[in-house]
Every structure is written in C-alpha cells, then in structure tokens.
Amino acid sequence: MAVELKDLTKRSENYSQWYNELVVKADLAEQSAVRGCMVIKPYGYAIWEKMQHELDRMFKETGHVNAYFPLLIPKSFLSREAEHVEGFAKECAVVTHYRLKNDPNGGGVVVDPAAKLEEELIIRPTSETIIWNTYKNWINSYRDLPILCNQWANVFRWEMRTRLFLRTAEFLWQEGHTAHATREEAEEEAVRMLNVYADFAEKYMALPVIKGVKSANERFAGALNTYTIEAMMQDGKALQSGTSHFLGQNFAKAFDVQFVNKENKLEYVWATSWGVSTRLMGALIMTHSDDNGLVLPPHLAPIQVVIVPIYKNAEMLAKIDEKVAGIVQRLRAMGISVKYDNADNKRPGFKFADYELKGVPVRLVMGGRDLENNTMEVMRRDTLEKETRSCEGIEQYVKDLLEEMQANIYKKALDYRNRRITTADTYDEFKQKIEEGGFILAHWDGTTETEEKIKEETKATIRCIPFDSFVPGDKEPGKCMVTGKPSQCRVIFARSY
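The sequence shown runs 813 to 1309 under the working numbering.
This is how it looks when you write it as structure tokens:
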C-alpha cells in the first residue's frame, strides 16, 4: 500500500474538507478573482473534455445537432413564462449599461450614465426563452419538426454559497432544446435523453444512478415533468447528476410558436429541455476517490497509463527510453493514452505520489533490474496492488486491466449504494435513519405541504419517484409516514448537495 498523503484530510475526519482539498491539490480547479466563479485547470478541463466528447457522440447518435444561442437574454423574455421567471428571478445577473468611461476625478473607469440600455439584458441562467423566441422563426409546418438542438455553453446563476464544481455561479454545461409535433414524441424524447445520461454515467463515469421523476415541488421551473438521475456520494448524500424536462406547450405558448399540423390546423409545439453540467466532475470525485487522492475510471482518465523510469545514470536511462518507446507506441495504437515521464527534475517517489493523487489508473515502472529481466512493475490505482509482469504482451495485459478496473470501480460504487438504501415506515424511524445518511424509501402522501414539512424538519428532500423497484413492495400502495394518508408507492428521500 502506498503511504497516505500526509497533507490530505481523511474522508472519515472531514469529508467536505477532503473534497475541497482534493480538487485543489489534484490540479482540477481553483477559486478565481470573481466571487463564486472557478478556474478549471488544464487537468480538470481534460477530464471535462473527455466527458464532453462521449456525451456529444451519444447525442449525435440519437439524431441531435449542435447550435449556439446568445449569452444575453432580453429581460422581457423571462417575464413571458410565469413559473420560469419565478424559478430563476433571484439568481439572475443583469446588464444595465453598455459603456465605461474614465472617471474625471481619477478613480479609474466608471459606468457611463449616458450608456444605459433601453431594456436590461440577463446573463443566461438557462436558455429556454431565447431559444423558443428563435424557434418561432424556424417553425411553420409539421414538416419543420422535430428540431433536435443541443448547445455547449456557460450559464450564470448568482450563488452566494459556492463549492468548486458542485455549485458555482458560472458553470459549463450542455443544454438540449427540442421541438415536437406531438405530446407523445416530446415525452419519449425526455425519457430517451434521461436514458442517455444514465448510460453515460454508468458506462463512462462508473457511477450507478437511480432514474426517476421529480415531485411537483422539485420540478424545473416551467416544466410539466422533470426526470432525473440521482447518485449517492461516499458520505451518503445524494447528488442530482442530470435532468430531462418535458415542457409541454408552456414555452411555445409563451413565445407563440405554432405550426400547421397534418390536418391543416394550427397547433402549439411540444417541447423538452435537458442538461448536465460540470457538477458531474464533483460526482466523479466524490463517488470514487480515496484518502490517497483521485480514483478516475479509465474511460474518462486523461492519462490512462503513466510510465516512470528509475535509473542511475544517463546510459541506463537511454536503454530504458529505447525499451519503453516501443511499448508506448503499441499502447497508443490500441487507443490508450500514455505518458512516459522521464523528466529529470523530479524524483521517482514524487512522481509516484503525484500520479496517485491525480488518479492515473495504471502506473508502469522500469528500473535497471527490470531492464535486465525484460519486466515492468504494474500498479493499479483502484486497489493500489502491484505486480511484476513480463514486457512480452504487456500492452494487451494493460488494455484488459483497464477494462477490469472500470468494471471494478463501478461495482464498488454500486455495492456501496445498495448497502445504503433502506426503508422507513414511521416518521420517527425516518428521522433516525436520515442522520445516518443514505437513500431512504418511504411512503409520502403526494402533497407539497408534507414534503415541505419533512424538508424543514430533517433537511431531507424527495430525490425522485424511482422507475425501478429496489426493495420488495416499494411500488405497492401504503400510508404516508408523516400523515397516515394513502400513498401510491415509496419515494426516495435523502439529504443532498
């Protein structure tokens, strides 16, 4: 086992501090000069790029195309959909002027009062309004439908209490916005995209998720239904990891987007929107990492294999360089990302600790004796196990090992989550279990009043009404744990990020 890094707080001591330290020490991100906004550093951005690449491919395979819409939204647009404006009003940053000038009193630059905008502009908190105003120009007939657009962008929501990746004022995301001729098509699209998110989470992030529908209270502002994938972090808290919204005709009516249907009658368009953000980086870190640093699933690791030479002199290094060059070439030909770190400005021990901290899945080491014996030491980051292997066929061995690690990391997270799903039949039992963390399946009477009471008294929220069954009888009717009124099925409660 590697020696635990002395300056990284242990998860068992302070999970929150461990997370905050790890994000910074692993060179993923840091706070910026703008309060609430972060700098995503190259290593962190490389992970996000891999996420982007895979998601973008999956979107395009399901018929979606990318577009880009303005950052600034006229204030009047947000007023058109009442629920939507109410949902985002408190988080909006507003542009009021378009020019600065030098302060005549020598105080630097000041806002030019003569440059006041006729209508204020809102930095997008989300893009439904600007996009539906645009779709009005694109849609006339059923022949123009469906429109399946996605945009990769940044959004801004004024946040006072921020945490790197999990909750920042500005964050990166993708937002899909689709337009359909029928309700059925739009509802199918919303569920399809939720399934795309779940597939991505499980196959690439090694993140087990629960798919379900949000309660009315937790819905996206302006949606008729919000579907969600919910993941459990190692401290037992939930993290909403992706949402897909069935918007009905709300935005089409707000922006008067109508089309002539096949019966030659005017009808409002049906809509969806769906998105995941850099919050997924937080999920990745908190689900898998340990007291030694990051543990990255091989499918998303920017560097999947690092090779470190140990040598006494330049002559030995030259021989190792020559031997390793062929191995690097063959690994890359298999589509594996490799870094050969023969830089002489850091000692091997430092390199080992650094790559372990950064979660590089496989480390290969070659020293003088390895060179003589035609072997390499192999270490896997998920279990920290080491073994010595012959260089013959090591490339195929590493490729298979990466897939084994991907499956192992997923299974470990799944087993942990399943162990921490429990049921509660009484409110007292619920209150006790929520202190222990995890997901609790309990009956709820379906009212916002009861939901608000539980949230106020326990800080737990309904994460979703799950599609799948997790314990015997959880889909059967029962009695609300709080009011005793009838309940259709158990729902998932948890404290969350």
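All C-beta atoms, glycine included, are put in the ideal place defined by N, C-alpha and C.
- Rounded to whole angstroms, the Cβ separation of R1193 and V1107 is 6 angstroms, and the two are in contact under 8 angstroms.
- When secondary structure is reduced to three states using DSSP, R1159 falls in the coil class, being assigned neither helix nor strand.
- For H992 against V1081, the beta-carbon gap comes to about 7 angstroms, under 8 angstroms, which counts as contact.
- Restricting attention to alpha helix (DSSP H) runs no shorter than 4 residues, the region 1074 to 1123 encloses them at 1091 to 1100, ordered along the chain.
- Scanning its chain for C-beta atoms nearer than 6 angstroms, with the 5 sequence neighbours on each side dropped, one finds around H1100 the residues V1107 and I1221, in chain order.
- Under DSSP, A1050 forms a beta bridge with M1044 and S1308.
- Straight through space, the alpha carbons of N945 and Q1070 are spaced by roughly 12 angstroms.
- Bounds of the beta strand (DSSP E) holding L933 are K928 to I935.
- Note: R975 is bridge-paired with R979 in the DSSP secondary-structure output.
- Looking at I1122, K1074, E1288 and N1154, the one whose alpha-carbon comes closest to that of D956 is K1074.
- The residues V1136, Y1152 and L1176, in chain order, have a CB closer than 6 angstroms to that of I1119 in the same chain once the five nearest residues on each side in sequence are set aside.
- In the three-state DSSP reduction, P1020 falls in the coil class, being neither helix nor strand.
- CA-CA distance, I1206 to R1142, rounds to 10 angstroms.
- Nearest to A927 by C-alpha distance, out of T908, W860 and P1284, is T908.
- For T1295, no alpha helix (DSSP H) encloses it, and the DSSP letter there is neither H nor E.
- A direct Cα-to-Cα measurement between L984 and E1268 gives close to 31 angstroms.
- Taking all protein chains shown into account, N1062 has 16 or more neighbouring C-beta atoms within 10 Å of its C-beta and is therefore buried.
- Between the alpha carbons of P1173 and T974 lies a gap of roughly 30 angstroms.
- When secondary structure is reduced to three states using DSSP, G988 falls in the strand class.
- Secondary structure note for V1190: its beta strand (DSSP E) is the uninterrupted segment T1187 to R1192.
- Short of 7 angstroms from the beta carbon of T994, and not among the five residues preceding or following it, lie these beta carbons of its own chain, in chain order: W1082.
- Assigned with DSSP and collapsed to three states, H876 falls in coil, not helix or strand.
- According to the DSSP assignment, N1007 belongs to the alpha helix (DSSP H) that extends over R995 to K1015.
- Taking C-alpha positions only, L867 is separated from P854 by approximately 20 angstroms.
- In this chain, the beta strand (DSSP E) harbouring Q963 covers I959 to F968.
- For C1276, the pairing in a beta bridge is given by DSSP as I1304.
- Counting of Cβ neighbours within 10 angstroms places S1053 among the buried residues, the total reaching 16 or more.
- Burial is judged here by how many other beta carbons sit within 10 angstroms of a residue's own beta carbon; F977 has at least 16 and is buried.
- The bridge partners DSSP lists for Q843 are M850.
- By the 16-neighbour rule on beta-carbons within 10 angstroms, T1055 is buried.
- Note on geometry: alpha-carbon atoms of L1183 and A845 lie some 49 angstroms from one another.
- The continuous stretches of alpha helix (DSSP H) do not include E903, and DSSP gives it neither H nor E.
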